[in-house]
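**Q** A single structure is presented below for examination.
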Amino acid sequence: MISFEQVTVTYAGAEAPVLRNVNLQVAEGELALVVGRTGVGKSTLLGAACGLVPHFTGGTLAGRVLVGGRETRTHKPRELADVVGVVGQDPLSGFVTDTVEEELAYVMEQLAIAPDVMRKRVEETLDLLGIAELRDRPLVDLSGGQQQRVAIGSVLTAHPRILVLDEPTSALDPTAAEEVLAAITRLVHDLGVTVLLAEHRLERVVQYADRVIEVRADGGAEIGEPATMLASAKVAPPVVELGRLAGWKPVALSVRDARRLVGPLRQDIAGRPVPAPRRAARVAGGDPVLRARNVVVRYGAVVAVRGVSLDLRPGEVTALMGRNGSGKSSLLWALQGSGPRQSGVVEVDGADPRALSAVKAHRLVALVPQTPADLLYLDTVAQELEQADREAAGAPSGAARALLDRLAPGIPDEVHPRDLSEGQRLSLVLAAQLARAPDVVLLDEPTRGLDYSAKRSLVAVVDLLAAEGRAVVAATHDVEFVAAAADRVVVMAAGELVADGPTADVVVASPAFAPQVAKILAPLEYLTIDQVRRAVEGLE
Amino acid sequence: MTTHPHRWSVLDHRRVPRPAHPIAWWIWAIGLATAVSRTTNPLLLVLVLAVLGVVVANRRSEAPWARGFKYYLALAFVVVFLRVLLRSVFGGDVVGTTTHVVFTLPHIPLPSWLAGIQLGGPVTLEGTLSAVYDGLRLGTMLCCLGAANALANPKRALRVLPGALYELGMAVVVALSVAPQLVESVQRVRRARKLRGGPTGGRHALRTIAIPVLEDALERSLRLAAAMDSRGYGRTGAATRRARQATGVLMLAGMAGLCAGAYGLLDSSASVAFGLPALLAGAVLCCLGLALGSRRVRRSRYRPDPWRLPEWVVTLSGVVPAAVVLAGAGFSAVSLGSSTEPLTWPALPAVPALAILVAATAAVAAPPPLRPARRRPTGPTGSTGSSERGAASELVPVPPPIEVPA
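Rendered as structure tokens:
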């Protein structure tokens, strides 16, 4: 169905090709998962499969790409619309119309499909994706998971035989991600649609894959059975790492398979005390550095935060969890002092950050927003770092650079911030925000777009901040990151705190928030691979 | 009376809700705006505003674009205020024996080469009132546009464009969707800027906000373009070069005719005898061009809005005020103006007032709008596939969930 023959892609002005001599075949009805580190050319591979590379992006493509029997050399993306459906990471930016029904019909209008066929297909697609009750709703009013399903539906109405999905669940909370994945697997199983899918959060999708395509840093790509490919891949979800650790052949890909294999391992480590989550024990304690009492945030009639009280202690890492729209971001902005707060008290070191001047408030509380790039506006990394030093007022010159080198070594001075990878850009913003040595650090969705190794370095950074005695709060959907980094988990729902306690207590029992290791080793209270590794080392 | 939330419930509950044809609403609004452009009589203008308010309140849906009428009202106030302010500062009101001076601004003498302009000086009641009426006329015209926007989704109106103009319409649609995104992204970046401390005013701050916003806008438009491309946008059939040129010439000539005709009809100093033929000729040329251009397009339309009796009534009720005011029959032309010298209470001319009231029938004649039964905000989960249309108990509008502070 999709075939790459000796494909090499080089972008204009680039020294090396992004993809080099790629040969692969994806057969009809398969779900092929594209894996690889950030920035290795996964998106290029997806783009080449739907004609956007090179017709839309520029660059040169050598070799031959055939999709559904058509060659992308002679067919522009618009001429492949009836064969390939493409869905991007941010569905909202790809919507052309205003309401769900019109969006589903758009592609059919372009293909000049007869009106009665259109009516029928729209109804079928609404039912197939479970969005029938949303038909008249404006697209902007939908939740993230609903938008993503509408985006899938909007290409599905053309009856394409191939779906290309670029990180369809990255921005979604665990429940919404499951909704979207359930819809995708139904398409594969019931309709025989061929799916090419890239995703960072492998733990969510790897169990559904029929094939895995690994893109390597040198531009080569390989396709194979998921179990064999992942046993040696550079990126792997916790369940695969556990399989590697336990020496399972082939490795398990789903929690269910792993639980059937884990018996002996669980027996071996059952009698032993569970190792501490982190090698370096944290000394969280002392008086709270930030005290919030009955914080209320509302926008018109919508109450985003309903009377939340929270204490943050120095050296403590808190994860703030909850579904999209549960008030996590609003709470962070209210704690920082720049966001609205209708009532309640926030005190940092005895002062209300909102009453202080902006500069003073930022010295107390730093916030890294969901889109860190909003904070960057200069032309080079060096200028941004200098500006950060100036803003810190009092920090020694070069403080920001020193921080950046600790967070992500080796970022050259003269690079434009937009050209950095997602993880590097986050590090740059963190360095700029931390140069003024705040007592409290608030992170909003810090793991967006990070691969496993970038996430590991983020965990190291958070450890470092906690070791320096700062209080860290991270609002996140990423359960694996929470398991690895947080001491304490606070769960929000509809603007209220519904759970607050040590990570192990809150997370292990929850069906949505439990990390894979906890699900596999339950009832033992293990959270991370690292804990299991140390327990196993202790046995020998 | 029943406890139904709509005023016209007795009439409405027998009719099937559906969106009215957007073109009907636009003709209705343009008709009213045309009538407004010919009068400064404050009573007539206020009457038009009242008609707009009644119709919008009764016939708009609950979609995001339908929430904008109040912004147009606010804009109208700003227009009136600015008009009065400018008149007061640059007024140069002539003080006669019968004028009423409200207060006197310090007069600032200007050099002789600026002889025509006066800064400061006495501000008269007469001058201020005439500025109010003038501003009110412009403001009311803006509100007519606002009503059209609230009643008919502008994007849906553009879908009605003939195939030859499809690309143009699409460009406008994209531009329309970029504007609110730009506002959102300015707000987001400004909030983020505050987080870094540093200067928040002046040229520096402008740069710190403009650059991320522009980068963001560019990236979004590229993503939208990619999405449209891979969904088949631009798959037009083959047209010969000659056919395209012929279409272009016909369209340009037609447009010129339309513009000249509209100018002739709307400007009170030009004669209607020139305006009408030019308008008709332009329209014919445009239709020819469109017909020629549309022959090359292969595209279909999903659920086109029907044009039935209610659409005719709405259109006519908008055309009547324009026709009556333009024809000028049955009332004296003076009554359309406002008298400020000498200062008198404006009289309400009966015929134009009745004509404007005719436009209010649209509030009943148009089909009741679709008010989709909203789900209660249960979060991102749950989808049973059952239709909730017509669940009257759920007509309460639920505002969109807000993830980040505004």
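Line by line, the protein sequences give chains B and C.
Quick note on the numbering used here: the first sequence kicks off at -14 and runs consecutively.
Quick note on the numbering used here: the second sequence kicks off at 329 and runs consecutively.
Glycine residues also receive a C-beta, built at the ideal position from the N, C-alpha and C atoms.
At a cut of 8 Å, does the stretch 49 to 56 of chain B reach the stretch 107 to 114 of chain B through at least three beta carbon pairs?
**A** Judged by Cβ distances under 8 Å, the stretch 49 to 56 of chain B makes no contact with the stretch 107 to 114 of chain B, as fewer than three pairs qualify.
**Q** Helix, strand or coil: how does DSSP classify B/M(-14) here?
**A** In this structure, B/M(-14) counts as coil in the three-state DSSP scheme.
**Q** Nearest to B/A377 by alpha carbon, out of B/G129, B/A351, B/L124 and B/S315?
**A** Nearest of B/G129, B/A351, B/L124 and B/S315 to B/A377, Cα basis: B/A351.
**Q** Using CA coordinates, which residue listed in B/V(-8), B/G129 and B/D75 is at the minimum distance from B/N309?
**A** That would be B/G129, whose Cα lies nearest to the Cα of B/N309.
**Q** Quick one: what's got a C-beta closer than 6 Å to C/L676's C-beta in the same chain, skipping five residues either side?
**A** Around C/L676: L371.
**Q** Within 8 Å, do at least three Cβ pairs link the stretch 388 to 397 of chain B to the stretch 323 to 336 of chain B?
**A** They do not touch, by the three-pair rule.
**Q** Quick one: residues in its chain with C-beta nearer than 8 Å to the C-beta of B/G32, no 5 flanking neighbours on either side, listed in chain order?
**A** For B/G32, where only same-chain residues beyond five positions count, the Cβ hits under 8 Å are V38, F41 and T42.
**Q** Could you pull out every residue in the same chain whose Cβ sits closer than 7 Å to the Cβ of B/R348, ignoring the five residues on either side in sequence?
**A** Cβ within range, chain order: R421 and P423.
**Q** Residues of chain B with a CB under 7 Å from the CB of C/N481: which are they?
**A** Those are D83, listed as they occur along chain B.
**Q** Which of helix, strand or coil does DSSP assign to B/D485?
**A** If DSSP states are grouped into helix, strand and coil, B/D485 belongs with the strands.
**Q** Quick one: any contact between the stretch 472 to 483 of chain B and the stretch 294 to 307 of chain B, if contact means 3 or more CB pairs under 8 Å?
**A** Taking 8 Å as the limit for Cβ pairs, the verdict is that the stretch 294 to 307 of chain B does touch the stretch 472 to 483 of chain B.
**Q** Nearest chain C C-beta to B/E56 closer than 8 Å, yes or no?
**A** For B/E56, the answer is no, since every Cβ of chain C falls outside 8 Å of its Cβ.
**Q** For B/H60, which three-state DSSP category applies?
**A** Of the three classes helix, strand and coil, the one that applies to B/H60 here is coil, per DSSP.
**Q** Can you list, in chain order, the residues of its chain whose CB lies under 8 Å from that of B/V190, leaving out five sequence neighbours each side?
**A** Around B/V190: L18, T154, L166, L182 and E184.
**Q** Which complete alpha helix (DSSP H) runs does the stretch 426 to 506 of chain B hold, if anything under 4 residues is left out?
**A** Those alpha helix (DSSP H) runs which fall completely within the stretch 426 to 506 of chain B and span 4+ residues are 437 to 452, 464 to 470, 488 to 493 and 501 to 506.
**Q** Does the beta-carbon distance from B/D359 to C/R548 come in below 8 Å?
**A** Not in contact: B/D359 and C/R548 (Cβ atoms no closer than 8 Å).
**Q** Pick from C/R629, C/V382, C/G562 and C/V423: whose alpha carbon is nearest that of B/E86?
**A** Looking at the Cα atoms, C/R629 is the closest of the given residues.
**Q** Using a Cβ cut-off of 8 Å, pull out every chain C residue sitting near B/R403, in sequence order please.
**A** Near B/R403 (Cβ distances below 8 Å), the residues of chain C are E543.
**Q** Hey, quick one: how far does the beta strand (DSSP E) through B/G329 stretch, first residue to last?
**A** Looking at the DSSP string, the run of the beta strand (DSSP E) that includes B/G329 is S328 to V333.
**Q** Distance, Cα to Cα, B/V467 vs B/L215?
**A** Spanning the two alpha carbons is a distance of roughly 23 Å.
**Q** For C/N477, which residues of its own chain have a beta-carbon under 7 Å away from its beta-carbon, when the five flanking residues on both sides are left out?
**A** These residues qualify, in order along the chain: W393 and G396.
**Q** Interface residues of chain C around B/D75 at Cβ under 9 Å?
**A** Residues of chain C passing the Cβ test: R548 and R551.
**Q** Taking the C-alpha atoms as reference points, what is the distance between B/K120 and B/G138?
**A** Reading the sequence as shown, one finds Arg at residue 120 of chain B and not Lys. Going by the C-alpha atoms only, they are around 12 Å apart.
**Q** Contact criterion: CB-CB distance below 8 Å. Does C/S558 meet it with respect to chain B?
**A** At least one chain B Cβ lies under 8 Å of C/S558.
**Q** Note the first and the last residue of the continuous beta strand (DSSP E) segment covering B/A183.
**A** Note, B/A183: beta strand (DSSP E), T179 to A183.
**Q** Is the CB of C/G713 under 8 Å away from at least one CB in chain B?
**A** For C/G713, the predicted structure reports a pLDDT of 35, less than 50, and the residue's modelled location is therefore unreliable. A value from the coordinates is still provided. Cβ-Cβ to chain B under 8 Å: yes for C/G713.
**Q** Leaving aside the five residues before and after C/V647 along the sequence, list all residues of the same chain whose C-beta is less than 6 Å from its C-beta, in chain order.
**A** So the list reads G359, once near-sequence residues are dropped.
**Q** Taking a cut of 8 Å between CB atoms, which residues from the stretch 382 to 394 of chain C lie near chain B?
**A** If the cut-off is 8 Å between Cβ atoms, the stretch 382 to 394 of chain C has A391, P392 and W393 near chain B.
**Q** Nearest chain C C-beta to B/Q252 closer than 8 Å, yes or no?
**A** Answer no: the Cβ-Cβ gap between B/Q252 and chain C never drops below 8 Å.
**Q** May I ask you to list the residues that DSSP assigns as paired with B/P123?
**A** For B/P123, which the question treats as bridged, DSSP gives the partners B/T84.
**Q** How long is the line joining the alpha carbons of B/P235 and B/P223, rounded to whole angstroms?
**A** Looking at the two C-alpha atoms, the distance is approximately 15 Å.
**Q** Would you tell me roughly how many angstroms separate the C-alpha atoms of B/A(-1) and B/L150, rounded to the nearest one?
**A** C-alpha separation (whole angstroms): 26 Å.
**Q** For a cutoff of 8 Å on Cβ pairs, would you count B/S406 as touching chain C?
**A** It does not: the Cβ of B/S406 has no partner Cβ on chain C nearer than 8 Å.
**Q** What residues in its chain sit with their C-beta under 7 Å from that of B/A117, if we drop five residues either side in the sequence?
**A** For B/A117, where only same-chain residues beyond five positions count, the Cβ hits under 7 Å are L111.
**Q** By alpha-carbon positions, which one of B/V344, B/D485, B/P354 and B/L297 ends up nearest to B/E332?
**A** Out of B/V344, B/D485, B/P354 and B/L297, B/L297 has the C-alpha closest to the C-alpha of B/E332.
**Q** What three-state label does DSSP hand C/Y494 in the structure shown?
**A** C/Y494: helix per DSSP, three-state reduction.
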